[in-house]
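Each protein sequence line maps, in turn, to chains A and B. With the numbering used here applied, the first sequence covers 122 to 668. With the numbering used here applied, the second sequence covers 175 to 300. C-beta atoms are modelled at their ideal positions from N, C-alpha and C, and glycine is treated no differently. Treat the numbers as computed from the prediction; the structure is a model and nothing was measured. Shown next, in structure tokens, is the structure this report addresses.
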Amino acid sequence: MPECGCTIARRRKVVSSSLEELSLTADVLIVGGGMAGAWAATSAAQAGAKVVLADKAYCGTSGVTAAAGPGHWWVPPDPPAARDAAVANRIDAGLGLGEAEWMYRILDQTWRTLPTLARYYKFGVDDEGRVNHRAVRGPEYMRALRQEVLSHGVTILDHSPVLELLARSDGSIGGARGLRRQDGGRSYWVEAGAVVLAAGGTSFLSHLLGSHTNTGDGYLMAAEAGAEMSGMEFTAAYTIAPAHSTMTRSMAYSFATYYDAEGRQLDLPFGPDQTIHLARALQRGPVYCSLHRLPDDIKARLHTISPNVPLVFDRWGIDPYRDRFEVTLHNDGTIRGIGGVRVHDTDGATSVRGLFVAGDNASREKVAGAISGGGNVNSAWALSSGVFAGRAATRVARSAARRVERLRPLGRAGLRPGGRPQTVDVAAIRSSVRAEMHPFDKNLFRTGPGLAASSRVIDDLWRDVAEHGHAGTLALREAAALVATARWSVATAAARNESRGLHRREDFPAQDPGLAARLLSGGLDRIRVSLDRPSPATRPDQLEAAS
Amino acid sequence: MIELVVEERCTDCGACIEVCPANVLEPGRAGLPVLARVEDCQTCFMCELYCRADAIYVAPDCDRRVAVTEAEVLASGRLGQYRKHSGWDEWAERFPNEQWLMETVFRRAGEAAAKAKAERLAAAKE
């Protein structure tokens, strides 16, 4: 690898493999090379850290930003009233879960940092000649971020999924272990002063564009280290796509017209409730769509706005401006949803020393509230939380007295079974998780009994993988992470006996003022759900213990 | 899902193997990358974007295989279309990145929806 300027600190023998383990040391290890991970690596390196970034796939194409086109929540500081208004609107929309101070901080960091990418990204210039920094195209953005990361001397390990975190004797996190999947599955081990988890969220294997490798691995690793989740009930965002496609880029649909199977036009006006109405219509039968109302000047430029959108229609021989095509909704899980590892401050610190989180790996409730962060708030969060976490991890790595000590691997489910090792059917686990987390009647229009039934199914899956799974393969670990994430989601949804934002309960359609608060979840074999108290000095109240 | 790598165009540069986020491809013995794990393909089209030889065809279908032949995709003129419209490599000057128009589209849609709603309300009052 020409870009690998790494120092191989020491080598250790691996039993049952002729290949020696790759062993590296770093001040900061970044897990995940999507938008948040790349910004975290850049900021840590700029702060003087020696950085290793390990990506499951290829830093530059992996993660949900890469195939999409994120707009950033972007409000210049002048006039100050504009930011006040943007934050006030978001606080209102967030239904009690957003925090103004966090919003101001990410707005400011995003505004300062994004233009620094101009060395490698050619920001668009609008028809009036003004540079637009807000809206970027995913493939070019992530290609530029890779160049930026490499320019700071960061060591990138591509196709190197992290399997588990490593802890010091005091419980703090001091590295991670993974495998080099394009190097014969060779094992690697990184010892680091601090670790930033930027491994993304999960769509539970829906066909949300670019999300296939996002299996919630970072959540599972954080939980094994002792961190808790927040907002995991908010997994009911869905995005439109042409049926049988991954193309969940929704811009053109803002002008869509919908029809049922008999050709009758459906009344689905563009707006915040459109997805709900579309889901109801899809429960009744197939829904068809036409984009004939898209303004002609936009039709003419769609291929230079979002080149992958017209590509899908073109290859099917469909004229979306004349023909009607079938549409579907893909679940966005925690990606356009907002749950993740609970962060204690905007610097991404978790409750576990030495462990930081950024991007979709972290809960976005404090900046997005109870509704989806969509593309823009989530993008601003991914960027700024990456910057904050990279800096904070560098400070911790510097201050930590680095003793030579044996690190303890923390991985359990799928790596070290709790009971008798047995073959586990990974394909069956994957399809069972999908069957609980995707259907509208289970995850979008929720009910207490429905959630209880899902919980029984997913608990059995967890027992199977945690008790018996021992192969230590990537696929098995991913399956364990999917199941763990689904369990926190379902358990928290069952505890929130109300409807708020992305979380809808058919049996509790109103908001409960007593639940205008965040819900924490955690645990592995036993799931805990509790109310996050406003004051950090107060212990979380036990709300419900499931399974 | 990725359906084929056109043999006569592939230069065996290895870019598709390196950039595929789902690790679908493997180096082949005869010089052509092998579609080793098509079932893992996430239909993101990234391999096409990074293929400077325009040798890869990804069908838009993410949940079923589509039978296509090299002759068909060569005749379709669609090889390299994504890279071209994205203004990558040699296309940089001809196809500008107009992603910034996205927010204009959403704004106009919001305005159109508000206007339609106002018209409906006015009609209901009459």
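Which of helix, strand or coil DSSP assigns to residue i
i             : result
residue 648/A : strand
residue 195/B : coil
residue 597/A : helix
residue 273/A : coil
residue 632/A : coil
residue 470/A : strand
residue 663/A : Note that residue 663/A scores a pLDDT of 45, beneath 50, so its modelled location is shaky; the value from the coordinates is reported in the next line. Strand.
residue 268/A : helix
residue 657/A : Annotation note: pLDDT 45 at residue 657/A (below 50); position unreliable, coordinate value reported separately. The answer is coil: DSSP assigns residue 657/A none of H, G, I, E or B.
residue 415/A : coil
residue 127/A : Bear in mind that the predicted position of residue 127/A carries a pLDDT of just 36, short of 50, making it unreliable; the figure below should be weighed with that in mind. Coil.
residue 122/A : Model confidence at residue 122/A stands at a pLDDT of 34, short of 50, so the residue's coordinates are unreliable and nothing is read from them.
residue 324/A : coil
residue 442/A : coil
residue 256/B : helix
residue 180/B : coil
residue 294/A : strand
residue 194/A : coil
residue 613/A : helix
residue 312/A : strand
residue 224/B : helix
residue 137/A : With a pLDDT of 38 at residue 137/A, under the threshold of 50, the predicted position of this residue should be treated as unreliable, though the coordinate-derived value follows. Residue 137/A falls in the coil class under three-state DSSP.
residue 172/A : strand
Contacts that residue i makes with chain A (C-beta to C-beta distance below 8 Å)
i             : result
residue 320/B : No answer is possible for residue 320/B: the residues shown for chain B start at 175 and end at 300.
residue 297/B : Here the premise fails: no neighbours, minimum Cβ distance about 14 Å.
residue 283/B : 375, 376, 391
residue 233/B : 436
Residue i, enclosing beta strand (DSSP E) - first and last residue
i             : result
residue 643/A : 640–643
residue 411/A : 408–411
residue 230/B : 230–232
residue 451/A : 446–452
residue 148/A : 143–152
residue 285/A : 283–288
residue 280/B : Per DSSP, residue 280/B belongs to no beta strand (DSSP E); it is in the alpha helix (DSSP H), 275–299.
residue 374/A : Neither: residue 374/A is in no beta strand (DSSP E) and is coded neither H nor E.
residue 476/A : 476–478
Interface partners of residue i on chain A, CB under 7 Å
i             : result
residue 270/B : 425
Top-ranked residue by Cα proximity to residue i, from the options
i             : options                    : result
residue 641/A : 465/A, 239/A, 424/A, 155/A : 465/A
residue 334/A : 292/B, 291/B, 198/B, 256/B : 198/B
residue 227/B : 216/B, 209/B, 183/B, 257/B : 183/B
residue 147/A : 169/A, 160/A, 155/A        : 169/A
residue 502/A : 482/A, 513/A, 519/A        : 482/A
residue 442/A : 408/A, 373/A, 477/A, 460/A : 373/A
residue 275/A : 151/A, 404/A, 535/A, 560/A : 151/A
residue 271/A : 428/A, 253/A, 240/A        : 240/A
residue 716/A : 577/A, 582/A, 565/A        : This structure gives no information on residue 716/A, because the portion of chain A shown stretches from 122 to 668.
residue 251/B : 457/A, 651/A, 432/A, 508/A : 432/A
residue 410/A : 380/A, 467/A, 194/A, 574/A : 380/A
residue 532/A : 292/A, 287/A, 545/A        : 287/A
residue 280/A : 180/B, 177/B, 247/B, 200/B : 200/B
residue 215/A : 513/A, 602/A, 458/A        : 458/A
residue 349/A : 337/A, 217/A, 461/A        : 461/A
Endpoints, the alpha helix (DSSP H) within which residue i is located
i             : result
residue 396/A : 395–405
residue 434/A : 429–437
residue 222/A : 221–234
residue 584/A : 569–589
residue 623/A : Run containing residue 623/A: none; DSSP gives neither H nor E here.
residue 212/B : No alpha helix (DSSP H) holds residue 212/B; DSSP gives it neither H nor E.
residue 459/A : No alpha helix (DSSP H) holds residue 459/A; DSSP gives it neither H nor E.
residue 360/A : Careful: residue 360/A lies outside any alpha helix (DSSP H), inside the beta strand (DSSP E) at 359–363.
Interface residues of chain B facing residue i [CB-CB closer than 9 Å]
i             : result
residue 245/A : 270, 271, 272, 273, 274, 275
residue 588/A : The premise fails here: residue 588/A is roughly 27 Å from chain B at the closest Cβ pair, so nothing lies under 9 Å.
residue 327/A : Residues of chain B passing the Cβ test: none, with the nearest at roughly 10 Å.
residue 190/A : 273, 276
residue 495/A : None at all; the shortest Cβ gap to chain B is about 10 Å.
Under 9 Å from the C-beta of residue i: neighbouring residues of chain A
i             : result
residue 263/B : None at all; the shortest Cβ gap to chain A is about 12 Å.
residue 208/B : Near residue 208/B there are no residues of chain A at all, since even the closest Cβ is about 13 Å away, more than 9 Å.
residue 252/B : 432, 435, 436
Proximal chain B residues relative to residue i, where beta-carbon distance stays under 7 Å
i             : result
residue 330/A : 218
Residue i beta carbon near the ligand ATP (any heavy atom closer than 7 Å)
i             : result
residue 261/A : Inclusion of the ligand ATP in the displayed structure is not the case, the ligand content being empty and no account of it being possible.
Meets three-Cβ-pair contact criterion under 8 Å: the segment 164–183 of chain A and the segment 524–532 of chain A: no
For the structure I just gave you, are there three or more beta carbon pairs, one from the segment 566–585 of chain A and one from the segment 531–551 of chain A, closer than 8 Å? yes
Would you check if the segment 295–310 of chain A and the segment 326–341 of chain A touch, i.e. whether three or more CB-CB distances between them fall below 8 Å? no
Does the segment 180–190 of chain A come within contact of the segment 213–220 of chain B, defined as at least 3 CB pairs closer than 8 Å? yes
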